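Below you'll find the structure, written out as structure tokens, and then a few comments.
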Amino acid sequence: MINPTLAEMATYPFVRLEEARRRLVAAGVEVIDFGKGDPNEPTDPIIRQALIEAVPERAPYPLAQGLPELRAAAAGWCDRRFGVEVDPDTEIVPTYGSKEAIFSLAQVLATAGRTVVFGEPAYPVYERGALFAGAEVQTLPLLRDNGFLPDIDAIPDDTAIVWVNYPHNPTGAVAPLDFYERLAEAAAERDFYIASDEAYTELWFDDPPVSALQTGDRSRTIVFQTLSKRSSMTGYRSGFVAAPPEVIAALKAYRPTVGTAPQEFVQRASVVAWNDEHHVEETRSRYRAKREVLIPAIEAKGWEIVASGATMYLWVVGPDVDLLLEHGLLVAPGEFFGPSGAGYVRFALVPTLDECVRAAAILAGL
Ligand SMILES: Cc1ncc(COP(=O)(O)O)c(C=O)c1O
Numbered sequence: 002m003i004n005p006t007l008a009e010m011a012t013y014p015f016v017r018l019e020e021a022r023r024r025l026v027a028a029g030v031e032v033i034d035f036g037k038g039d040p041n042e043p044t045d046p047i048i049r050q051a052l053i054e055a056v057p058e059r060a061p062y063p064l065a066q067g068l069p070e071l072r073a074a075a076a077g078w079c080d081r082r083f084g085v086e087v088d089p090d091t092e093i094v095p096t097y098g099s100k101e102a103i104f105s106l107a108q109v110l111a112t113a114g115r116t117v118v119f120g121e122p123a124y125p126v127y128e129r130g131a132l133f134a135g136a137e138v139q140t141l142p143l144l145r146d147n148g149f150l151p152d153i154d155a156i157p158d159d160t161a162i163v164w165v166n167y168p169h170n171p172t173g174a175v176a177p178l179d180f181y182e183r184l185a186e187a188a189a190e191r192d193f194y195i196a197s198d199e200a201y202t203e204l205w206f207d208d209p210p211v212s213a214l215q216t217g218d219r220s221r222t223i224v225f226q227t228l229s230k231r232s233s234m235t236g237y238r239s240g241f242v243a244a245p246p247e248v249i250a251a252l253k254a255y256r257p258t259v260g261t262a263p264q265e266f267v268q269r270a271s272v273v274a275w276n277d278e279h280h281v282e283e284t285r286s287r288y289r290a291k292r293e294v295l296i297p298a299i300e301a302k303g304w305e306i307v308a309s310g311a312t313m314y315l316w317v318v319g320p321d322v323d324l325l326l327e328h329g330l331l332v333a334p335g336e337f338f339g340p341s342g343a344g345y346v347r348f349a350l351v352p353t354l355d356e357c358v359r360a361a362a363i364l365a366g367l
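Its first residue numbered 2, the sequence shown is counted upward by one per residue in my numbering.
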């Protein structure tokens, strides 16, 4: 018998997008795919070269604790970027991208029969990880009137984990430090962990977003970082968790069982990626150029762009997804990410700049 949690699970929404894309291509339509958030940007040559040079004659099993050089690079980056001192030996563990670590957190902490809370619309993995761990799930609506921040007072009493994700997928909303401070206070009073998915902190276009690590009390804060979007390294699978020592110790105990340590040659390329900001600035300017093409084209249709201050996403009120599809523009319907996403559409700025220019022309002709 298949695990009923798996059997009851709706199709991962992006599988449905991929099916739509294939249907269109088969019908001879040129598809410009703003659907899935997988960057098409090149990985910087210094990172690729570091990977090539690190491939050994024989690659042994990587250890869950990761290479000391990688932990030091991650800690150094937290210090430079957020002004936070994190101990590389007791407060950092490398991860295989961040998705697997996000998925399994509910198995590492005591959550069975307790509640895992997250705002919606959301990246779907917080919920799936919680359900597989036998936890209850409680969503909080993320609404425009609240700046797409959850109502901290609505967090239920038996909560084990509260997931937050700013800059936010899919809305592009950014959280102020004061929000994290209030959340950290609530976590201390009511005994839950804050799990902060910070996959998009480096894709900003105004001021650099803050991290949940920057609060006065980070004793209950678990941060998930990744090179996937920052360094356009989705296929490398490399990230890290920064957390209090007891959580890192638990992860170091749990992770060898699952076997999700990144390959050492990937870890060595990751050291180069965390230590370089030049390529990240370039990545931001590529996304900025695409925003400069698409934002006016979308606004010219009378569709409103809300939040969208950071990330690779534009969160748009108004477009008809099917009409866009007919013209070869694939976008993600907001309700894919949860009921509060209804009425919105997410454009992921992953097509090339040329494709964005073509998409703007298609929009103008609609
Ligand atoms: C909000 C959010 N968190 C985490 C991830 C996971 O990224 P990765 O596993 O590549 O680090 C993604 C990927 O799209 C995401 O959108």
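The C-beta atom is built at its ideal place from N, Cα and C for all residues, glycine as well.
Remember, it's a predicted structure, so these values are computed and weren't measured experimentally.
Straight-line gap, Leu350 to Tyr167 (C-alpha atoms, nearest Å): Sequence index remark: in the sequence shown, residue 350 carries index 349 (1-based). Sequence index remark: in the sequence shown, residue 167 carries index 166 (1-based). Distance between the alpha carbons of Leu350 and Tyr167: 18 angstroms.
So, are the CB atoms of His280 and Ser232 less than 8 angstroms apart? Against the sequence shown, residue 280 aligns to sequence position 279. Against the sequence shown, residue 232 aligns to sequence position 231. Yes, Cβ-Cβ distance for His280 and Ser232 is below 8 angstroms.
Is Gly342 near ligand 1 - that is, is its Cβ less than 7 angstroms away from at least one heavy atom of it? Within the sequence shown, the letter at position 341 stands for residue 342. No - ligand 1 has no heavy atom lying nearer than 7 angstroms to the Cβ of Gly342.
To the nearest angstrom, report how far apart Phe104 and Glu128 are at their CA atoms. Working through the sequence shown from its first residue, we reach residue 104 at position 103. Working through the sequence shown from its first residue, we reach residue 128 at position 127. Between Phe104 and Glu128, the C-alpha separation is close to 8 angstroms.
Sort Pro142, Arg22, Val242, Val175 by Cα distance to Pro380 and report the nearest one. The structure shown does not extend to residue 380, since the chain is modelled only from 2 through 367, so no value can be given for it.
Have a look at Thr312 and Glu247 and give me their C-alpha separation to the nearest angstrom. Taking the first residue of the sequence shown as 1, we reach residue 312 at position 311. Taking the first residue of the sequence shown as 1, we reach residue 247 at position 246. Rounded to whole angstroms, Thr312 to Glu247 spans 31 angstroms at the Cα level.
Say yes only if the C-beta of Ser271 is nearer than 7 angstroms to one or more non-hydrogen atoms of ligand 1, and no if none qualify. Looking up residue 271 in the sequence shown gives position 270. No.
Where Arg347 falls: helix, strand or coil (DSSP): Taking the sequence shown and counting its residues from 1, one reaches residue 347 at position 346. Three-state DSSP puts Arg347 in a strand.
Is Asn170 near ligand 1, judged by its Cβ being under 7 angstroms from some heavy atom? On the sequence shown, position 169 is the one that residue 170 refers to. Yes - ligand 1 has a heavy atom lying nearer than 7 angstroms to the Cβ of Asn170.
Buried or exposed (CB count within 10 angstroms, at least 16 for buried), Ala362: In the sequence shown, the residue the question calls residue 362 occupies position 361. Ala362 is exposed by the Cβ-count criterion.
Say the cut is 7 angstroms; is the CB of Phe100 nearer than that to a heavy atom of ligand 1? If you number the sequence shown from 1, residue 100 lands on position 99. Before going further, note that residue 100 is Lys rather than Phe in the sequence given. Yes; taking the cut-off as 7 angstroms, the Cβ of Lys100 has a heavy atom of ligand 1 nearer than that.
Helix, strand or coil for Ala196? Go by DSSP, reduced to three states. What you label residue 196 is simply residue 195 of the sequence shown in a count that begins at 1. Ala196: strand per DSSP, three-state reduction.
Pull up the CB-CB distance for Ile195 and Leu110, whole angstroms please, since I reckon it's below 8 angstroms. Position 194 of the sequence shown, counted from the start, is the residue given in the question as residue 195. Position 109 of the sequence shown, counted from the start, is the residue given in the question as residue 110. With 8 angstroms as the limit, Ile195 and Leu110 do not qualify as a contact, their Cβ atoms being about 12 angstroms apart.
Quick one: Cα of Asp152 to Cα of Tyr314, how far? As a position in the sequence shown, residue 152 is number 151, starting the count at 1. As a position in the sequence shown, residue 314 is number 313, starting the count at 1. Rounded to the nearest angstrom, the two C-alpha atoms are 23 angstroms apart.
Determine, using beta carbons only, whether Val30 and Gly342 come nearer to each other than 8 angstroms. Here residue 30 corresponds to residue number 29 of the sequence shown, with the count starting at 1. Here residue 342 corresponds to residue number 341 of the sequence shown, with the count starting at 1. No, the Cβ-Cβ distance between Val30 and Gly342 is not below 8 angstroms.
Just mark Pro334 as buried or exposed, buried being the case when its beta carbon has 16 or more other beta carbons within 10 Å. For the purposes of this step, residue 334 is taken as residue 333 along the sequence shown, with counting starting at 1. Counting Cβ neighbours within 10 Å, Pro334 comes out buried, since at least 16 surround it.
Opposing strand residues paired with Tyr314 [DSSP bridges]: Looking up residue 314 in the sequence shown gives position 313. DSSP lists Ala349 as partners of Tyr314.
Where the alpha helix (DSSP H) containing Glu19 begins and where it ends: Start at 1 with the first residue of the sequence shown, and residue 19 comes out as number 18. Counting along the chain, the alpha helix (DSSP H) containing Glu19 begins and ends at 14–27.
Do Pro69 and Glu265 have their C-beta atoms closer together than 8 angstroms? To locate residue 69, count along the sequence shown from 1; it is residue 68. To locate residue 265, count along the sequence shown from 1; it is residue 264. For Pro69 and Glu265, no; Cβs fall outside 8 angstroms.
Compare the Cα-Cα distances from Arg145 to each of Ala365, Ser309, Pro352, Leu325 and report the closest residue. Counting from 1 along the sequence shown, the entry for residue 145 is found at position 144. Considering only alpha carbons, the answer is Ser309.
Provide the residue(s) that pair with Gln226 in DSSP beta bridges, ordered along the chain. Mapped onto the sequence shown, residue 226 falls at position 225. Phe241, per the DSSP bridge assignment.
Using 8 angstroms as the Cβ pair cut-off and three pairs as the minimum, do the segment 236–251 and the segment 208–225 touch? yes
From which residue to which residue does the alpha helix (DSSP H) around Trp78 run? For the purposes of this step, residue 78 is taken as residue 77 along the sequence shown, with counting starting at 1. It spans 69–83 - the alpha helix (DSSP H) in which Trp78 sits, taken as one unbroken run.
Going along the chain, which residues of its own chain have a beta-carbon closer than 6 angstroms to the beta-carbon of Phe180, five neighbours each way excluded? Locating residue 180 in the sequence shown gives position 179, where the first residue counts as 1. So the list reads Leu150, once near-sequence residues are dropped.
Give me the Cα-Cα distance between Trp304 and Phe206, rounded to the nearest whole angstrom. For the purposes of this step, residue 304 is identified with residue 303 of the sequence shown, where counting begins at 1. For the purposes of this step, residue 206 is identified with residue 205 of the sequence shown, where counting begins at 1. Using only the alpha carbons, I get a separation of about 21 angstroms.
Leaving out five residues before and five after Val294 in sequence, what residues of the same chain have Cβ atoms less than 6 angstroms from its Cβ? Within the sequence shown, numbered from 1, the residue matching residue 294 stands at position 293. If we look at Val294 and ignore the five residues flanking it on each side, its Cβ neighbours are Cys357, Val358, Ala361.
Say the cut is 7 angstroms; is the CB of Asp207 nearer than that to a heavy atom of ligand 1? Position 206 of the sequence shown, counted from the start, is the residue given in the question as residue 207. Every heavy atom of ligand 1 is 7 angstroms or more from the Cβ of Asp207, so no.
Can you tell me whether Gln264 is helix, strand or coil according to DSSP? The residue labelled residue 264 in the question sits at position 263 within the sequence shown. In this structure, Gln264 counts as coil in the three-state DSSP scheme.
Below 7 angstroms CB to CB, which residues in the same chain sit around Lys291 once its five sequence neighbours on both sides are set aside? Start at 1 with the first residue of the sequence shown, and residue 291 comes out as number 290. The answer, listed in chain order, is Leu350, Leu354, Cys357.
Buried/exposed call for Lys230, threshold 16 Cβ in 10 Å: Translated into positions along the sequence shown, residue 230 becomes position 229. By the neighbour-count rule (16 or more Cβ atoms within 10 Å), Lys230 is buried.
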